[in-house]
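When the letters of the sequence shown are read in order and numbered with the numbering used here, they come out as residues 1211 to 1392.
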Amino acid sequence: MTFVDALSEPIRVAITDIEIRGMRASDIETVAKIQRESFSKIEMWSPQSYLTELSNASAAYRVAVHNEKVVGFGGIWTVMDEVHITILGVALSHRGNRIGDLLLSELLIASWEMGATRATLEVRETNDAAQGLYRKYGFIHVAIRKAYYSDNGENADILWINDMLDPAWREQFDKNRAALGR
Ligand SMILES: CC(C)(COP(=O)(O)OP(=O)(O)OC[C@H]1O[C@@H](n2cnc3c(N)ncnc32)[C@H](O)[C@@H]1OP(=O)(O)O)[C@@H](O)C(=O)NCCC(=O)NCCS
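Dropping the structure here:
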């Protein structure tokens, strides 16, 4: 293995060593860095947008922390009984460790606490990793927004969880959480 290979090697972490907490203003610089390696320019939020969102009572933002370092983040907006997963990203170096899994489950829990029973999001149709994660949490494809992404004209899939109070959905959620040791 060369030095360059060693640098690009993904970092393996135990999910039990990941802490999820609320995003703070002091996290935004690291969040912006993870965002740059996770999204195209048209999907990125400015640091000011994050700062504004941190005081939005209808929103919640979480970060995943490993060894005191922020390695992932995600956010939601709630409107009545609906929650929109607005953003979710894991540092390139830390992907494949179930951090996205844990963040998404924590965002859903936060959304229940805010009164949501249905969940939705948009995802690029070719984003296999995100598609896999969302389907694992019971998101179902309901519609397509044609050429939604202006950078490459890609379609967005619109996914929904119709009822987070459904016992069958909840059972699967609990299994996912148990697999995360939570
Ligand atoms: C999507 C993303 C958040 C997943 O985070 P992650 O921590 O690497 O994913 P996890 O290790 O938690 O994997 C959870 C599930 O996602 C799916 N998944 C993750 N990586 C995958 C891949 N490379 N290919 C297919 N499915 C994948 C699997 O269903 C996996 O569950 P499993 O391990 O039981 O099979 C991460 O890839 C990312 O930040 N991507 C760039 C930003 C992005 O696309 N965000 C979503 C925008 S809608």
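Yeah, the Cβ is synthetic: ideal placement off N, Cα and C, and Gly gets one too.
**Asked** Excluding sequence positions up to five away, which residues of its chain have a Cβ less than 7 Å from the Cβ of W1394?
**Response** Here the chain covers residues 1211 to 1392 and nothing more, so residue 1394 does not appear.
**Asked** Between the beta-carbon of V1275 and the beta-carbon of E1229, is there less than 8 Å?
**Response** yes
**Asked** So A1389 is in the alpha helix (DSSP H); what residue range does that whole segment cover?
**Response** P1377 to A1389
**Asked** Taking the C-alpha atoms as reference points, what is the distance between E1332 and S1265?
**Response** 24 Å
**C-alpha gap between V1214 and A1224, whole angstroms** = Only weak support is given to the placement of V1214: the predicted model assigns it a pLDDT of 47, under 50, and the question is left unresolved by the model.
**Asked** What residue from K1385, R1380 and R1231 has the CA that sits closest to E1278's CA?
**Response** R1231
**Message:** Does L1318 come out as helix, strand or coil in the three-state DSSP assignment?
**Reply:** helix
**Request:** May I ask whether a heavy atom of ligand 1 can be found less than 7 Å away from the beta carbon of I1309?
**Result:** yes
**Request:** For M1254, I'd like the list of residues in its chain whose CB is within less than 6 Å of its CB, leaving aside the five on either flank, ordered along the chain.
**Result:** Q1245
**Asked** Tell me, which residues are paired with T1330 by DSSP?
**Response** H1294 and W1370
**Asked** Can you list, in chain order, the residues of its chain whose CB lies under 8 Å from that of I1350, leaving out five sequence neighbours each side?
**Response** L1369, W1370, I1371 and N1372
**Message:** Is the separation between the beta-carbon of M1324 and that of R1272 shorter than 8 Å?
**Reply:** no
**Spatial neighbours of E1335 in its chain, beta-carbon cut-off 6 Å, leaving aside the 5 residues before and after** = N1365 and D1367
**Asked** Going straight from the alpha carbon of S1250 to that of K1385, what length do you get?
**Response** 33 Å
**Message:** So, with DSSP's three-state summary, where would you put D1215?
**Reply:** With a pLDDT of only 47 at D1215, under the threshold of 50, the placement of this residue in the model should not be trusted; the figure read from the coordinates follows. DSSP places D1215 in helix when its eight states are reduced to three.
**Asked** Roughly how many whole angstroms lie between the Cα atoms of A1340 and E1381?
**Response** 21 Å
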